[in-house]
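In what follows, a single structure is set out as C-alpha cells and then discussed.
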Amino acid sequence: MVCPETESESVSLKRKKVMIMKELVKGQEAATQLMLLLENPSWSDTDRDSLSSQELMANVLTSFTQALSIITASADDVIPPLNLHSSGDDQCSGSGKRSQKGGRGRYHRRRSALTWTVLSSTTEDNHAWRKYGQKGILNSEFPRSYLRCSHKYDQGCKATKQVQRCEENPDMYQTTYIGMHTCNAKPPKATHSTTNSTTWESYLLNSDRDSKVPNVHDHHSPSLTIKREFPKENTSSDVTDHNLDPSLWSELKDFESSIQPYH
DNA sequence: CTAATTTGACCTGT
DNA sequence: ACAGGTCAAATTAG
Numbered sequence: 001m002v003c004p005e006t007e008s009e010s011v012s013l014k015r016k017k018v019m020i021m022k023e024l025v026k027g028q029e030a031a032t033q034l035m036l037l038l039e040n041p042s043w044s045d046t047d048r049d050s051l052s053s054q055e056l057m058a059n060v061l062t063s064f065t066q067a068l069s070i071i072t073a074s075a076d077d078v079i080p081p082l083n084l085h086s087s088g089d090d091q092c093s094g095s096g097k098r099s100q101k102g103g104r105g106r107y108h109r110r111r112s113a114l115t116w117t118v119l120s121s122t123t124e125d126n127h128a129w130r131k132y133g134q135k136g137i138l139n140s141e142f143p144r145s146y147l148r149c150s151h152k153y154d155q156g157c158k159a160t161k162q163v164q165r166c167e168e169n170p171d172m173y174q175t176t177y178i179g180m181h182t183c184n185a186k187p188p189k190a191t192h193s194t195t196n197s198t199t200w201e202s203y204l205l206n207s208d209r210d211s212k213v214p215n216v217h218d219h220h221s222p223s224l225t226i227k228r229e230f231p232k233e234n235t236s237s238d239v240t241d242h243n244l245d246p247s248l249w250s251e252l253k254d255f256e257s258s259i260q261p262y263h
C-alpha cells in the first residue's frame, strides 16, 4: 500500500515498460517457434540451435510470468519480504471461534494473486512443486491436485498451482497457476538464444508478419491455451494514470483482449 | 532416516 | 449446506 512518489518513478516505469514489452515479445517469439515446431517437426534439425517444445513452452511461461510480475509490481502489489509461519497475527473473520479440534484456522484468501490457466500436454514446468491436496470436483471425473512451491517455507514463495486432467483429452492437463514465484528458484537452463534476429522494436514495427493462422487442431497436437484472471485490480475510471505511451497501451490492451477472462 | 505424497478432516466463501 | 481449498497425520518413496 505504500506508494512513495519519487521522480525516479517515471524512469522506472519507462524501464518497466520496456521490460514488459521485451518479455512479451520474447514470449510471442517462443510461442511462434513452438507452433511452427509443432506444425513442422522436420524443421527441427537446422543449423541453428532448435529448442525442444518443452524448452519453448518453458520460455513462453517464463516470459509471461516475468511480464506479469513486472506489471503487478508496478501496480501496487508490494511483495512481502518473507512470510514464515507467523505467530498468530491476524485472526481474520469468522466470529471469533477458530477451531475445535485441529487448531488450524487463518486461511489466507488470496487477495490479488493473478491467475492464469495453461492447457498443456505436460505438467512439467521448471519449478519445484509440492503437492498438498487433491479433491474431487463436481462434474469432473478427474480429481484436482493442489500444489505449492517447494520454497514456501524456505523463502516464502506464494506461488501455487492446480492441475487437473482434461476430460476430453486425458493426456492433456489444465494447470492453473496462482501467484508469482518470489523464490530464487530459477529454471535450470532458460537461456534462450533468439538474439541477433530482430530486436523487439523492429519486431513491433514489422508487425505484418502475423499472416500465419493457428489452425493446428487436426490431430492431437498439444495446443496451449493461456487465460488470465485479475480478480479486482483497477476499478477506477481513469486508466491512463500510467506514463505509458498510447501506442504501447494499445499494444497492451490488444494483448489483454487476446486473452479472455476466466471465471 | 528424510522428504514427498496420500488422504480424510477441517476451514472458508457463496 | 455445499463445493472448493488447505492442513497435517499417516503412509510411501528415495
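Number 263 marks the last residue of the first sequence (the UniProt record's numbering); no jumps.
Ideal Cβ placement from N, Cα and C applies to all residues, glycine included.
Keeping to the same chain, check which residues put their C-beta closer than 8 Å to that of I137; ignore five residues upstream and five downstream.
Translated into the one-based positions of the first sequence, residue 137 becomes position 137. The answer, listed in chain order, is P143, R144, Q164.
Which stretch, first to last residue, makes up the alpha helix (DSSP H) that contains K158?
Residue 158 sits at position 158 when you count from the first residue of the first sequence. That residue, K158, is in no alpha helix (DSSP H); it is neither H nor E in DSSP.
Based on DSSP bridge pairs, tell me the residues matched to S145.
As a position in the first sequence, residue 145 is number 145, starting the count at 1. Beta-bridge pairing links S145 to Q134, V163.
Quick one: give me the first and last residue of the beta strand (DSSP E) that L119 is part of.
Numbered from its first residue, the first sequence carries residue 119 at position 119. Note, L119: beta strand (DSSP E), 115-120.
Answer with buried or exposed for Y132, where buried requires no fewer than 16 other C-beta atoms within 10 angstroms of its C-beta.
Position 132 of the first sequence, counting from 1, holds the residue named residue 132. By the 10 Å Cβ count, Y132 comes out exposed.
Classify Q162 as buried or exposed, calling it buried when 16 or more other Cβ atoms lie within 10 Å of its own Cβ.
Position 162 of the first sequence holds residue 162. Label assigned to Q162: buried.
Straight-line CA distance for H127 to C149?
Here residue 127 refers to the residue found at position 127 of the first sequence. Here residue 149 refers to the residue found at position 149 of the first sequence. Those two C-alpha atoms are separated by around 7 Å.
Which stretch, first to last residue, makes up the beta strand (DSSP E) that contains T176?
Position 176 of the first sequence holds residue 176. Taken as a continuous stretch (DSSP letters only), the beta strand (DSSP E) holding T176 covers 173-178.
On the CB-based measure, 16 or more other CB atoms within 10 Å of its CB, does S120 come out buried or exposed?
Residue numbering aside, residue 120 sits at position 120 when the first sequence is read from its first letter. It counts as buried.
Is the Cβ-Cβ distance between W129 and L114 less than 8 Å?
For the purposes of this step, residue 129 is taken as the residue at position 129 of the first sequence. For the purposes of this step, residue 114 is taken as the residue at position 114 of the first sequence. Cβ atoms of W129 and L114: not closer than 8 Å.
Measuring alpha carbon to alpha carbon, tell me which residue in Q28, E124, K14 is nearest M172.
The sequence position of residue 172 within the first sequence is 172, counting from 1. M172 has its Cα closest to that of E124, out of Q28, E124, K14.
Short of 6 Å in beta carbon distance, which residues of its chain neighbour C157, apart from the five on each side in sequence? Order them along the chain.
Taking the first sequence and counting its residues from 1, one reaches residue 157 at position 157. Contacts found: C149, H151, H181, T182, C183.
Between the CA atoms of N40 and G179 - distance to the nearest angstrom:
Counting from 1 along the first sequence, the entry for residue 179 is found at position 179. Counting from 1 along the first sequence, the entry for residue 40 is found at position 40. C-alpha separation (whole angstroms): 34 Å.
Roughly how many angstroms separate the alpha carbons of L36 and Y177, rounded to a whole number?
Locating residue 36 in the first sequence gives position 36, where the first residue counts as 1. Locating residue 177 in the first sequence gives position 177, where the first residue counts as 1. Approximately 25 Å between the Cα atoms of the pair.
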